[in-house]
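Q: First the structure, which I've put down as structure tokens, then a few questions once you've had a look.
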Amino acid sequence: MTLRTIGVVGAGTMGNGIAHVFAQAGFNVILNDIKDEFVAKGMGTITKNLQRNVDKGRATEADRDSVLARITCSTNLNDLAACDLVVEAIIEQLDIKLELFRKLDAILPQHAILASNTSSISITKLAAVTQRADRFIGMHFMNPVPVMKLVEIIRGIATSDACTKTIATLTETLGKVPVEVNDFPGFISNRVLLPMINEAIFALYEGVATKEAIDEVMKLGMNHPMGPLTLADFIGLDTCLFIMRVLHDGLGDDKYRPCPLLVKMVDAGYLGRKSGRGFYEY
Ligand code: NAD
């Protein structure tokens, strides 16, 4: 199937990056959010990131302008009626996503594919409120989208082989690497990453080592670009706790129980970088 027009719903951290990489690869993009100011903010970030490439001599001003010209701003879901694919990147709340997918399913043409960038919600559950579960898939981009190579491609229970192949090929067109996984809590990325972070927090909680020592061991010993506690602050401790709860509830195994120290820090409002204080102070 030839995909020409791509809708991106949600112009926040992930959505503007997703719109950026599609437009850069030559697709027409419609970037939608609930308010003009949110779309404008997303466009501002895209412009800033494109300008950085111009300043570094990696792109010309004409390149920047042609990427921007391929993105149309929207606050009306009906604007997406001609899309071949819509990638959803709105807030991580099940009821809000379900409502959006019900609406999109009614608006989009029969052939169109729906994709979600969710980090933790079941693709199968999201697909079930549409009449196109075979054409529904997870496209889990990593942050920052223009930089990170991986896209985790998540197959729901009913996602067809044809849809999976189309989306994997499309991901390659974006200059990224698709990796196919099945739909289970946390997929692969968060299923492996978050328990490691949680274990680092347990090590701190039990007094095995200081926070600096834990981060240093993982950086120097395992070649991780940043230690797990620094990374937790970067991701946001509330997001880490939320994903641990998804793993704990979804897989029903106590090995995924969130560390009590993580819970306590979130209760205190110590959410990491975004609140100025997490394991470290910012
Ligand atoms: P964000 O809060 O930065 O942006 C969300 C945007 O969605 C906001 O601009 C908001 O106005 C908009 N929005 C909310 N409801 C909407 C609706 N009904 N219709 C249209 N727009 C709506 O969030 P984010 O960090 O970009 O996360 C978006 C999704 O990507 C989430 O599902 C998250 O789990 C996932 N994700 C995030 C990261 C990350 O590192 N931030 C990484 C991978 C995946």
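Just so you know, we're using the numbering used here here: the sequence shown kicks off at 31 and counts up by one. Cβ atoms here follow ideal geometry from the backbone N, Cα and C, with glycine treated the same way.
#1: Can you tell which of Ile273, Glu242 and Ala198 has its C-alpha closest to the C-alpha of glutamate 122?
#2: For glycine 302, name the three-state secondary structure that DSSP assigns.
#3: For histidine 50, which of Ala262, Asp66, Asn173 and Met248 has the nearest alpha-carbon?
#4: When the distance is taken between beta carbons, is glutamate 118 closer than 8 Å to glycine 40?
#5: Output the distance between the C-alpha atoms of alanine 14 and isoleucine 244, rounded to the nearest integer angstrom.
#6: Select from Leu124, Leu301 and Asp263 the residue whose C-alpha is nearest the C-alpha of lysine 329.
#7: Taking 7 Å as the line, does the beta carbon of glycine 186 fall inside it for any heavy atom of ligand 1?
#8: Can you tell me whether leucine 128 is helix, strand or coil according to DSSP?
#9: Checking 8 Å against the spacing of the C-beta atoms, do alanine 111 and leucine 138 come in under that value?
#10: What's the gap between the Cα of methionine 248 and the Cα of alanine 53?
#11: On a CA-only basis, which of Val207, Leu259, Thr32 and Ser305 is nearest histidine 141? Give me that one, please.
#12: Are the beta-carbon atoms of alanine 55 and threonine 194 separated by less than 8 Å?
#13: Name the DSSP bridge partner or partners of leucine 144?
#14: Contact check, leucine 61 vs valine 38 under 8 Å by CB: the rounded distance?
#15: Inspect the beta-carbon positions of histidine 170 and serine 149 and report whether they are closer than 8 Å.
#16: List the endpoints of the continuous beta strand (DSSP E) containing asparagine 212.
#17: Excluding the 5 residues flanking serine 146 on each side, which residues of the same chain have their C-beta closer than 6 Å to its C-beta?
#18: Within the present structure, is the beta-carbon of histidine 50 separated from the nearest heavy atom of ligand 1 by less than 7 Å?
#19: Please report how far the alpha carbon of isoleucine 126 lies from the alpha carbon of glycine 42, in whole angstroms.
#20: CB leucine 261 to CB isoleucine 227, shorter than 8 Å?
#21: Is the beta carbon of glycine 308 less than 8 Å from the beta carbon of leucine 267?
#22: Output the distance between the C-alpha atoms of threonine 77 and valine 238, rounded to the nearest integer angstrom.
#23: Tell me, to the nearest whole angstrom, how far the beta carbon of isoleucine 318 is from that of leucine 115; I am working on the premise that it is less than 8 Å.
#24: Thinking valine 207 and lysine 179 are a contact (beta carbons under 8 Å), I'd like their distance in whole angstroms, please.
#25: Looking only at its chain, what residues have a beta carbon closer than 7 Å to the beta carbon of tyrosine 286, apart from the 5 residues adjacent to it on each side?
#26: Just tell me which of Ala230, Ile151 and Leu130 has its CA closest to the CA of proline 290.
A: If we stick to the structure as given:
#1: Of the listed residues, the one whose Cα sits closest to glutamate 122 is Ile273.
#2: Three-state DSSP puts glycine 302 in a strand.
#3: Answer by Cα proximity: Asn173.
#4: Yes.
#5: Limits of the chain in this structure are 31 at one end and 312 at the other, which puts residue 14 out of reach.
#6: Because the chain is modelled from 31 through 312, residue 329 falls outside the range shown and cannot be assessed.
#7: Not under cutoff, so the answer is no.
#8: Looking at leucine 128 - three-state DSSP - the assignment turns out to be helix.
#9: Using a Cβ distance threshold of 8 Å, alanine 111 and leucine 138 count as a contacting pair.
#10: In a straight line, the C-alpha of methionine 248 is about 37 Å away from that of alanine 53.
#11: Out of Val207, Leu259, Thr32 and Ser305, Thr32 has the C-alpha closest to the C-alpha of histidine 141.
#12: Their beta carbons are not under 8 Å apart, which means alanine 55 does not touch threonine 194 by this criterion.
#13: Note: leucine 144 sits in a beta bridge opposite Val116 and Phe166.
#14: Indeed, because the Cβ distance is near 5 Å, the residues count as touching under 8 Å.
#15: When the beta-carbon positions are compared, histidine 170 and serine 149 come within less than 8 Å of each other.
#16: Where asparagine 212 is concerned, the enclosing beta strand (DSSP E) stretches over 207–212.
#17: Within the same chain, serine 146 has close Cβ partners Glu118, Leu156 and Gly168.
#18: No, the beta carbon of histidine 50 sits no closer than 7 Å to any heavy atom of ligand 1.
#19: Answer to the nearest angstrom: the Cα atoms are 15 Å apart.
#20: Taking 8 Å as the Cβ cut-off, leucine 261 and isoleucine 227 qualify as a contacting pair.
#21: Yes, the pair counts as a contact, with Cβ atoms nearer than the cut-off.
#22: Between the alpha carbons of threonine 77 and valine 238 lies a gap of roughly 46 Å.
#23: The structure shown has nothing for residue 318, since the chain only spans 31 to 312.
#24: Contact holds; Cβ gap of about 5 Å.
#25: Correct list, in chain order: Pro225, Met274, Leu277 and His278.
#26: Comparing Cα positions, the closest option is Ala230.
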